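Chains S and U, in that order, give the protein sequences.
Each residue of the first sequence is one higher than the one before, starting from 45 at the first, in my numbering.
Each residue of the second sequence is one higher than the one before, starting from 45 at the first, in my numbering.
Yeah, the Cβ is synthetic: ideal placement off N, Cα and C, and Gly gets one too.
Being a predicted model, the structure only gives us computed values, none of them experimental.
Heads up: the structure comes next, in structure tokens.
Protein chains: 2
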Amino acid sequence: MGKTLAVSPLAPASFPDLPVIDGVRFATTAAGVRYQGRTDVMLAELAPGSTVAGAFTRSATRAAPVLDCQAKIGGASDAGAAILVNSGNANAFTGRGGVTAVEAITAAVAEVCDIPQSRVFTSSTGVIGEPLPHDRITAVLSDLKDQLSPDSISEAAKAIMTTDTFPKGARAEMEIEGKTVSIAGIAKGSGMIAPDMATMLVYIFTDAVVSQPALQAMLSKHTDSTFNCITVDSDTSTSDTLIMAATGASGVDVSENDTFSKALHDLMLNLAHQVVQDGEGATKFVEITVTGAATDTDAKTHALAIANSPLIKTAIAGQDPNWGRVVMAVGKSGAAADRDRLSIRFGDIEVAKDGWRSPNYSEDDAAAHMKGQNIVIGVDVGLGDGKATVWTCDLTHGYIDINADYRS
Amino acid sequence: MGKTLAVSPLAPASFPDLPVIDGVRFATTAAGVRYQGRTDVMLAELAPGSTVAGAFTRSATRAAPVLDCQAKIGGASDAGAAILVNSGNANAFTGRGGVTAVEAITAAVAEVCDIPQSRVFTSSTGVIGEPLPHDRITAVLSDLKDQLSPDSISEAAKAIMTTDTFPKGARAEMEIEGKTVSIAGIAKGSGMIAPDMATMLVYIFTDAVVSQPALQAMLSKHTDSTFNCITVDSDTSTSDTLIMAATGASGVDVSENDTFSKALHDLMLNLAHQVVQDGEGATKFVEITVTGAATDTDAKTHALAIANSPLIKTAIAGQDPNWGRVVMAVGKSGAAADRDRLSIRFGDIEVAKDGWRSPNYSEDDAAAHMKGQNIVIGVDVGLGDGKATVWTCDLTHGYIDINADYRS
């Protein structure tokens, strides 16, 4: 990260005005873990009685803080809790030293915040394989504790960024039982993004009352249709972590509430889309919907084969309606397909039908769609009712620039 | 293909002097299928008694000529045979029209060469989804027949090129039973290259006597450890075809001969390496060996996860010994791994051992290895005896340049 990246052309116009979540306070500071001249540590303190749920990478080489979170996440406690996140160093593949670092940080946070160590959740994101200088983090904890404020969530969103070109936040507010319930979420992520995992770092807070099992169930269900449906580069992080906390401060129990669940889903999808919109080097936001597959699983397999194909991603970067490459990706995916039943749309334009170029196909119309910033690809496999939608971005010179030089 | 690509920096110094294979004659011409100012059709005529074997893409959307070859390849016949290949148009996803085109071409070749239509094998390579103007091919068949010559194999290697920057050939000659047996092979391919298939177009000829079942068995076995172990971009063609013919002209039966089998393997590996060396935009040739996996299959899964990772391929392009990304790829591959038993080498340099950076690791030494043209990555998983080696290239701006603009 020796250079400053231009803000993604797909970035939202501004960071949203996130609601204050009663029961959560934030603080950030510049601990100099790796980066200079910017914040790199954030602390979120959760009030006693908060429930906490999470979803994590399934990587076989996942990092020490991920393993530590996974061991703790299901535990019930009326004590408060804390989330400590650093950027710049992932504390991944750091052997015994990585475990020692997590132990040191969680013990220090527990002491400063006066909570059990089992209620301290940490995440680290950044370079893999470098020892984490955890003393730089423990040295700033007292200052962080003193600065805690319910208003600082936007600062927290900035402190957790790595190659992100903009901070990511999303909000939801709703009336339930005559009271206002709020959700605020922040995320980081732009490379090493692939689905089938709880991708990247995401922290979501609500003042609703939600039992831990209900919170976990809701979170896991929506992860499958949001974060697990995006891909930037098919590469899966060793550190992906999604943690959600419900403080209960609103007094409204939403453990079985569909309005809340739907709002949470939409907020998660919003954050997932922002990660794609900050995909390294991205210039196009791409939605791929596969219908007519034998099963939903097959549909997702096809959709991800399309979304991860370097040839399709470069064609989109070149604004080329190269639908032959979509045929290729469906063919290689391994899921059931019949060439002669395949239909393909770019936007509203029917490109191919029944295994051949559509008789009405106009290359000019398709090319016009490809010039837009939002590309929509529809594929009907013609075999059954299975369907899935995934989101990705194009593959450009910007991705090469960023990743051929990340550590220098 | 509106532009001429510079020859790959990894290309061999020159095209090899391929031996004449008694019983095979070649001819090429410029039929104007798509390209202008170059040859784009090649005909190979095989003497009566030749045996023919093949391996083909397993894509669910494979092209009409592939399906036609697969239906014919196992057939026994004492008649001659012919192989007709065009570049510029893949005749893939061309519906009923694609079948009609194959039918028209194979019928015309059969007539011109006076052989059964069941002994005519065709391949088409190039753009997907455009109707193949097969009349341009049938129009030149008489001329091709008149030009057939045993010396024209190097011209054949040129006529089948698409985004290739150099023609690919390999040879083997050996003494068996006091007689000389020869093998000559040609290949094309540089993008849409992924393993687990008989990748690209490859044609191999020998004057040995080999029964059809023995030829097929030998070819299938060696395909698994050669063409199925390379990847340029993880994208699998709809047209991949490997055809081998044994004319028997030498009178030496090698159906059970290990010397011949080994020579054939080496020749296939040579051609496979040349395809990687012509990988679109490639500047580095990368060999990845995984040892210590639970099974050979697991080792190959890990090796391909590394070889197909955009983050690793861009790091190699940037000459960055970013071994943390190797940890990431092993972790995401889905095959068994234990972070704390993992060891990684770049060239002869031990980078990581037992789940942590090696105590002797020198970033300068690793960086020096990465500056070379041949990159060697070794990973030991520490679980068992499974091993695999695969080959790939780096991911550079050149790949984006070529593929964001292929059809223009």
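Per DSSP, the bridge partner or partners of residue i
i, result
"S:Y247", "S:I230, S:I287"
"U:F329", "U:N418, U:C437"
"U:T166", "U:L128"
"U:W400", "U:K397"
"U:V423", "U:V334, U:I388"
"S:L90", "S:V68, S:A125"
"U:F100", "U:T285"
"S:S193", "S:F70"
"U:E217", "U:S226"
"S:G292", "The partner list for S:G292 (beta bridge, DSSP) is empty, contrary to what the question assumes."
"S:N133", "S:V171"
"U:T95", "U:A290"
"S:G142", "For S:G142, which the question treats as bridged, DSSP gives no partner whatsoever."
"U:I274", "U:W435"
"U:D297", "U:V253"
Residue environment, residue i, which counts as buried when at least 16 other CB atoms sit within 10 Å
i, result
"S:P403", "exposed"
"U:Y450", "Residue confidence for U:Y450 is low, a pLDDT of 48 falling below 50, so the modelled location carries little weight; the figure read from the coordinates is stated next. The residue in question, U:Y450, is buried, as its Cβ has 16 or more Cβ neighbours within 10 Å."
"S:N135", "buried"
"S:S103", "buried"
"U:P109", "buried"
"U:G295", "exposed"
"S:D190", "exposed"
"U:R140", "exposed"
"S:V51", "exposed"
"S:N272", "buried"
"U:T303", "exposed"
"U:P53", "exposed"
"S:D122", "exposed"
"S:G46", "Bear in mind that the predicted position of S:G46 carries a pLDDT of just 42, short of 50, making it too unreliable to give a figure here."
"U:G81", "exposed"
"S:S58", "exposed"
7 angstroms CB neighbourhood of residue i in its chain, flanking five on each side removed
i, result
"U:A396", "W367, L386, S387, I388, S402"
"S:G119", "S162"
"S:S116", "The sequence given here places Lys at residue 116 of chain S; Ser does not occur at that position. These residues qualify, in order along the chain: S162, F165."
"S:A152", "T182, L185"
"S:E407", "P365"
"U:G378", "T345"
"U:L427", "G336, A337, A338, A380, D382, R385"
"S:K232", "T169, I204, M205, T206, D208, K212, M244, L245"
"U:A290", "S94, T95, T250, A252, V253, V254, L259"
"U:H266", "L308, H309, M312"
"U:F210", "V51, S52, A55, D322"
"U:D187", "T73"
"U:I127", "A88, F165, Y247, I287"
Own chain partners of residue i with C-beta closer than 6 angstroms, once the 5 adjacent residues on each side are dropped
i, result
"U:A97", "L259, Q260, L263, M288"
"U:V374", "H346, A381"
"U:V64", "P194"
"U:G292", "G93, V253"
"S:Q318", "K212"
"S:S167", "P109, V129, L245, T285"
"U:E394", "S402"
"S:A343", "V334, A337, G430, K431, A432"
"U:E199", "T72"
"U:P160", "A123"
"S:G229", "A214, I248, L311, L315"
Supposed close pair residue i, residue j - CB separation, criterion 8 angstroms
i, j, result
"U:G391", "U:V425", "At roughly 19 angstroms, the Cβ-Cβ gap does not stay under 8 angstroms, so U:G391 and U:V425 are not in contact."
"S:G5", "S:V77", "Limits of chain S in this structure are 45 at one end and 452 at the other, which puts residue 5 of chain S out of reach."
"S:K202", "S:T83", "6 angstroms"
"S:L49", "S:A214", "Contact doesn't hold; Cβ gap of about 22 angstroms is too wide."
Contact set between residue i and chain B, taken where Cβ atoms lie within less than 9 angstroms
i, result
"U:D398", "In the structure shown, chain B cannot be found, because the protein chains are S and U."
Close Cβ partners of residue i (< 8 angstroms) along its chain, the five nearest in sequence each way excluded
i, result
"S:P177", "V77, N133"
"S:A242", "Residue confidence for S:A242 is low, a pLDDT of 33 falling below 50, so the modelled location carries little weight and cannot support an answer."
"S:Q256", "T95, V96, A97, G118, A120"
"U:C113", "G98, F100, F165, T166, S167, T285, I287"
"U:E221", "V296"
Inter-stretch contact at 8 angstroms, needing at least 3 Cβ pairs: the segment 363-375 of chain S / the segment 169-176 of chain U: yes
Taking 8 angstroms as the cut-off, does the segment 261-269 of chain U touch the segment 298-309 of chain U (at least 3 CB pairs, one atom from each stretch)? yes
Could you say if the segment 80-90 of chain S and the segment 55-72 of chain S meet the contact criterion of at least three C-beta pairs nearer than 8 angstroms? yes
Assess, as a yes-or-no matter, whether the segment 433-448 of chain U is touched by the segment 349-360 of chain U under the definition of 3 or more beta carbon pairs within less than 8 angstroms. yes
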